[in-house]
Structure formats: structure tokens, C-alpha cells
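Okay, structure coming up:
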């Protein structure tokens, strides 16, 4: 089986003022990667016009593009419209589901979505008390369950989880610990560890660090643009020759 | 004089919630009559807007815009997992 080259980035926060800038940086990406994964916060305010800029910047590439939305993309309550226009532009958008892309006969399965917060084991919110608190925690719990099922259903040679929120604390180092519960949840890691994956990609934590690992041993990479400081980073999933 | 702690909180909220900025990652420190803004932004226009919103949220204080521009470079080296 050949090696798979996964390009990944998150938090590109595009808008009219950045039209054309990101595209220039990813021209020729097909020489370096087999697929591009984009981990949410595609826009600044989640407006339809910003969504159009994203669609223009990411469409028509010679390699498949798979994306999820982030919290910014929900801000104007046009998340569904943004998903639709990205899909119309040929981008695979995961909304708590899985998809398989084929690269020279190698099947790469990607499952995920926006994700959500709640915190990390031992220091996290519980589904207890006021309805608002319960709804917050339940939202993450339901997402994690959908991801677990999506991962299980993927029929692929390699599996990746693509998220906006973080599954672990490791990649939040640099962020104030007080806001960790708003940056991710251990439940996302638990879902991935239950079914297994080769890699977990996320963004959201602009001041975090790139590399971490789930309790079950899945490599985690925070690819927020301010963290990786490059248009994308390439991760190679080894084939027989590595 | 207003407690610096609350001024910083108000500026930080304004930067997150104002439609001109929607920046969640800007650190705001207030020392006396000085406001310091730190963090990374993606273009000059966004940096200017951050300063404008902070000035409006902290009238009468001196705003020091110490945010830095993120230089998005071409893709770097690969990592083999």
C-alpha cells in the first residue's frame, strides 16, 4: 500500500479582506499532498458572503478537500447554507458523519465535524443542574456518539478524525487553562479511541501547540494557522515502504 | 478610576463580540491608564480594527497595539507518522 500524504490546516478565517491570499499559498499542493483537510473556522463571522470566499479559495484543486465548520462559522446562523455552498463547490463537508476518499486505490476514511467543549477528564462539566449546563454537556456527548458510529461504519484502509475542537489538553498548552473547557472535550478522544484512528486533526486553539496524543495512543495534531504558521502541514501515513 | 480588571474584561468581550473584530484570541492587559493588546492577527486591516474597537471600549485610556501579523508561509516539512 502506498504512503498517504495528508495536508491539514484550520482557522483560516477567510473574508473579503483576504480574498485570493490563501489560494496563492496552496497552489501546487497536489505535488505535496494527496488530500487537504480543513479543520473549521473557515470564516470570521459565518456569513454567506464569507462562505462564498471560502468556496472560491478551496474549490477546483486537483486533490480532494474535506472540511468541517468551526464555532465562527456558526456565528450568523448560516451554518447550513455555508455547508451547502461548500458542497456545491465540490468540497466534502463533514457534519458529524464520515466519508471515504480514494487515493490511487487506497481508501482514506475521515469522520468528524465541529465538535464542542466541556473540558477534560477530572476537570470537566457534567450533565447535571441547570438545563443550560445539561444542554452544553449533552451537545458534546451526542456529537461524540455520532462520531463513534461514523468511525465504526467507515470501510477504509486508514482513518482520520477531523474536528474543530480539541480531544486532548496536550495541544492546548499555551492557552490559559481556565478556558480549556471551551476549547475541547475528552469525549471526542474517547470516541476516537473506542473505534481507532490513525490521526486526529483539530484547530480552534490559536495559542496551543501542534502535537499531542489521545489516552488510547492516537496522534493528535492542532493545525490552527497561528500554530503551524504555514498554509498547511503535511502528515504522511505510512504505507508498506515506510 | 475604574478597576483595571473590569476594563480588561470589557475590552476583551468587545473584541470577541464586535462584528468588526470577532477576535477571541487577543490578550488584554490594563496597567493604570495603559491598555496592552497582544496576540496574532492575519492582516493589517484586522489589526487596525482591533485597535479601534479597543479604544472605543476603553475611552480615555492609552491603547498599545502590540498584536503581530501572522505570516502564512508556504507549506513546511512533512511529518511521517
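Residue numbers (the working numbering), protein chains in the order written: chain Z, 227 to 468; chain X, 715 to 795.
Just so you know, even glycine gets a beta-carbon here, dropped at the ideal spot from N, CA and C.
Simplified DSSP state of residue i, which is helix, strand or coil
| i | result |
| --- | --- |
| residue 448/Z | strand |
| residue 756/X | coil |
| residue 274/Z | helix |
| residue 779/X | strand |
| residue 391/Z | coil |
| residue 788/X | coil |
| residue 732/X | coil |
| residue 227/Z | coil |
| residue 349/Z | strand |
| residue 743/X | strand |
| residue 408/Z | helix |
| residue 437/Z | strand |
| residue 333/Z | strand |
| residue 232/Z | strand |
Within-8 angstroms CB hit, residue i to chain Z
| i | result |
| --- | --- |
| residue 690/X | There is no way to answer for residue 690/X, as the model of chain X reaches only from 715 to 795. |
| residue 795/X | yes |
| residue 722/X | no |
| residue 733/X | yes |
| residue 739/X | yes |
| residue 781/X | no |
| residue 774/X | no |
| residue 759/X | yes |
| residue 792/X | yes |
| residue 789/X | yes |
| residue 717/X | no |
8 angstroms Cβ cutoff, residue i in contact with chain X
| i | result |
| --- | --- |
| residue 271/Z | yes |
| residue 452/Z | yes |
| residue 468/Z | Its pLDDT being 38, under 50, residue 468/Z is placed unreliably by the model, and nothing is read from it. |
| residue 292/Z | no |
| residue 396/Z | no |
| residue 321/Z | no |
| residue 350/Z | no |
| residue 455/Z | yes |
| residue 459/Z | yes |
| residue 365/Z | no |
| residue 425/Z | yes |
| residue 463/Z | yes |
| residue 231/Z | yes |
Closest Cα partner of residue i within the set the options
| i | options | result |
| --- | --- | --- |
| residue 314/Z | 453/Z, 251/Z, 461/Z, 284/Z | 284/Z |
| residue 417/Z | 404/Z, 409/Z, 399/Z, 387/Z | 387/Z |
| residue 405/Z | 460/Z, 325/Z, 263/Z, 351/Z | 351/Z |
| residue 411/Z | 278/Z, 268/Z, 395/Z, 424/Z | 395/Z |
| residue 233/Z | 362/Z, 449/Z, 241/Z | 449/Z |
| residue 719/X | 731/X, 732/X, 750/X, 738/X | 750/X |
| residue 728/X | 716/X, 741/X, 717/X | 741/X |
| residue 800/X | 733/X, 759/X, 717/X | Nothing in the structure corresponds to residue 800/X, since chain X is present only between 715 and 795. |
| residue 297/Z | 258/Z, 429/Z, 257/Z | 429/Z |
| residue 403/Z | 345/Z, 445/Z, 252/Z, 294/Z | 345/Z |
| residue 244/Z | 793/X, 786/X, 780/X | 786/X |
| residue 237/Z | 460/Z, 457/Z, 451/Z | 451/Z |
| residue 383/Z | 288/Z, 360/Z, 398/Z, 424/Z | 424/Z |
| residue 326/Z | 349/Z, 290/Z, 258/Z | 290/Z |
| residue 732/X | 455/Z, 301/Z, 340/Z, 353/Z | 301/Z |
| residue 292/Z | 369/Z, 414/Z, 266/Z | 266/Z |
Closer than 8 angstroms to chain A by CB, residue i
| i | result |
| --- | --- |
| residue 726/X | The question asks about chain A, but that chain is absent: this structure's protein chains are Z and X. |
Sequence-distant residues of its chain with Cβ nearer than 7 angstroms to residue i (five each side left out)
| i | result |
| --- | --- |
| residue 249/Z | 283 |
| residue 329/Z | 230, 260, 261 |
| residue 324/Z | 335, 336, 337, 376, 377, 379, 380 |
| residue 276/Z | 240, 241, 269, 270 |
| residue 442/Z | 419 |
Residues near residue i by beta carbon distance below 8 angstroms, same chain, minus five either side
| i | result |
| --- | --- |
| residue 737/X | 729, 730, 753, 755, 760, 764 |
| residue 371/Z | 417 |
Chain-order list of residues whose beta-carbon lies under 6 angstroms from that of residue i (same chain, five-residue window excluded)
| i | result |
| --- | --- |
| residue 415/Z | 393, 394, 440 |
Which residues, taken in chain order from the stretch 295-306 of chain Z, show a beta carbon closer than 9 angstroms to some beta carbon of chain X?
Answer in chain order: 297, 298, 301.
Residues from the stretch 430-449 of chain Z in contact with chain X, defined by Cβ distance under 7 angstroms
Residues passing the 7 angstroms Cβ filter: 432, 433, 445.
Under 8 angstroms, CB to CB, which of the residues in the stretch 238-251 of chain Z have a partner in chain X?
So the list reads 239, 243, 244, 247, 248, 251, given in the order they occur along the chain.
Going along the chain, which residues of the stretch 256-283 of chain Z sit with their C-beta nearer than 7 angstroms to a C-beta in chain X?
Here the close residues are 258, 270, 271.
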